[in-house]
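Everything below concerns the one structure shown next.
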Amino acid sequence: MTAVVALEDVSYCFPTSSQPALADVSLRIDAGRRIVVLGRNGAGKSTLLLIMAGLLRPQRGRLYLGATPVAYSRQGLRRLRQTVGLVMQSPDEQLFSASVWQDISFGPLNLGLSDAEARQAVTEAAAMCDVTDLLDRPTHALSSGQKARVALAGVLAMRPRCILVDETTSGLDAWARQQVMQVFDRLVAQGGTVVLATHDLALARRWADLVVVLHEGRVMTVAPPAQVWADPELRMLIAPSEFWYGDE
Ligand SMILES: Nc1ncnc2c1ncn2[C@@H]1O[C@H](COP(=O)(O)OP(=O)(O)OP(=O)(O)O)[C@@H](O)[C@H]1O
Ligand SMILES: [Mg+2]
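Here's what the structure looks like:
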């Protein structure tokens with residue numbers, strides 16, 4: 001089976017930084033997976049997702065879409081965006097249109113869907129994220145949890161096979177979080193893949209089938225949660241011992 005996306009020896013260092021944010025990262029993301037990325041603040045989780053979404057370009061190594069190296073041309077990036085969607089850590093970085101409707105329809109229209117197809121995609125994605133009642137509202141006048149759901153709807157409207165979610169669930173109330181997790185589960189049931197960067201250890205333990213542990217820009221392991229939870233050295237890299245509730 002070919003990966004949906006894969007990184008091969010990827011390194012990335014921000015121009016203003018002396019330390020690489022990602023160093024020699026190799027990772028394959030297969031279809032139908034529930035992947036959680038864990039690691040402390042600054043470990044490189046957001047950088048990893050930005051690289052996978054094509055918003056940052058590796059300085060060394062390669063990003064693959066299927067078996068093909070991603071070309072950082074308009075066309076190459078467009079192909080990547082049809083497959084991989086990123087919900088950013090801060091919805092304010094993602095939302096830029098005047099109204100919620102415009103924001104959610106931007107992606108589908110940009111991918112070349114007709115007005116009718118885009119309307120259908122917006123309606124479906126808005127319903128999935130429970131933002132139908134907000135469609136006529138200006139995006140700047142929403143609560144942060146509402147913004148997060150609108151940002152997610154904007155990504156889902158492009159119907160990506162792989163969705164990257166950066167901490168978006170953390171500002172949601174429990175109902176919204178449950179609903180969003182159900183959306184993710186549905187995507188996975190249809191053969192899609194969800195990659196979720198989070199600090200929520202209980203969620204990782206319960207939901208992930210694979211956990212990627214990042215530390216100082218390096219992948220320390222890719223393993224099922226039970227294996228990570230059973231490894232005191234890996235746990236130390238993520239959180240103090242009293243945070244490991246849900247242990248077995
Ligand atoms: N725009 C930027 N300019 C310079 N350095 C950056 C920038 N964004 C991130 N970094 C640095 O890159 C490293 C990785 O950051 P990244 O945002 O990927 O971490 P993270 O794991 O997502 O952290 P958090 O849990 O706080 O979201 C950090 O050392 C950070 O300071
Ligand atoms: Mg981050």
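Quick note on numbering: our numbering labels position 40 of the sequence shown as 40, and the sequence is numbered without any gaps.
Beta carbons: idealized from backbone N, C-alpha and C, even for Gly.
Would you call the CB atoms of residue i and residue j closer than 8 angstroms?
i      : j      : result
Leu48  : Leu86  : no
Val131 : Arg149 : yes
Leu156 : Ala125 : yes
Met52  : Leu38  : no
Leu214 : Gly54  : no
Gly32  : Gly145 : no
Gly154 : Phe106 : yes
Ala223 : Leu203 : no
Leu201 : Val194 : no
What is the DSSP secondary structure of residue i, counted as helix, strand or coil?
i      : result
Met158 : coil
Ala176 : helix
Asp231 : coil
Can you tell me where the alpha helix (DSSP H) with residue i in it begins and where it stops?
i      : result
Gly107 : Val100 to Asn110
Ser74  : One point to set straight first is that residue 74 is Arg, not Ser, in the sequence displayed. Run containing Arg74: Arg74 to Thr83, per the alpha helix (DSSP H) assignment.
Thr123 : Asp115 to Met128
Ala223 : Ala223 -> not in any alpha helix (DSSP H); beta strand (DSSP E) instead, spanning Arg218 to Ala223.
Starting from the C-beta of residue i, find all residues in its chain whose C-beta is less than 6 angstroms away, skip the five residues before and the five after it, and write them out in chain order.
i      : result
Met88  : Gln94 and Asp166
Asp92  : none
Gly76  : Val70
Arg218 : Ala23
Closer than 8 angstroms by C-beta to residue i: which residues in its own chain qualify, once you throw out the five before and the five after it? Chain order, please.
i      : result
Val83  : A small fix is needed here, since residue 83 is Thr in this sequence, not Val. The residues are Val4, Val5, Leu65, Pro160, Arg161 and Cys162.
Arg266 : Absent from the model: residue 266. The displayed extent of the chain is 1 to 248, so no value can be given.
Leu135 : Ser99, Val100, Trp101, Ile104, Val122 and Ala126
Could you pull the start and end residues of the beta strand (DSSP E) that residue i belongs to?
i      : result
Leu196 : Thr193 to Ala197
Ser26  : Leu22 to Ile29
Glu242 : Here Glu242 belongs to no beta strand (DSSP E), and DSSP marks it neither H nor E.
What is the C-beta distance between residue i and residue j, in whole angstroms, given that I count them as a contact (C-beta under 8 angstroms)?
i     : j      : result
Ser99 : Thr139 : 7 angstroms
Gly61 : Asp133 : About 44 angstroms; that fails the 8 angstroms criterion.
Mind checking whether the beta-carbon of residue i lies closer than 7 angstroms to any heavy atom of ligand 4?
i     : result
Gln89 : This structure lacks ligand 4; the ligands present are ligand 1 and ligand 2.
Sorted by chain position, which residues of the same chain lie with C-beta nearer than 7 angstroms to residue i's C-beta, five sequence neighbours on each side aside?
i      : result
Gln179 : Asp130
Leu234 : Val213, Met220, Thr221 and Val228
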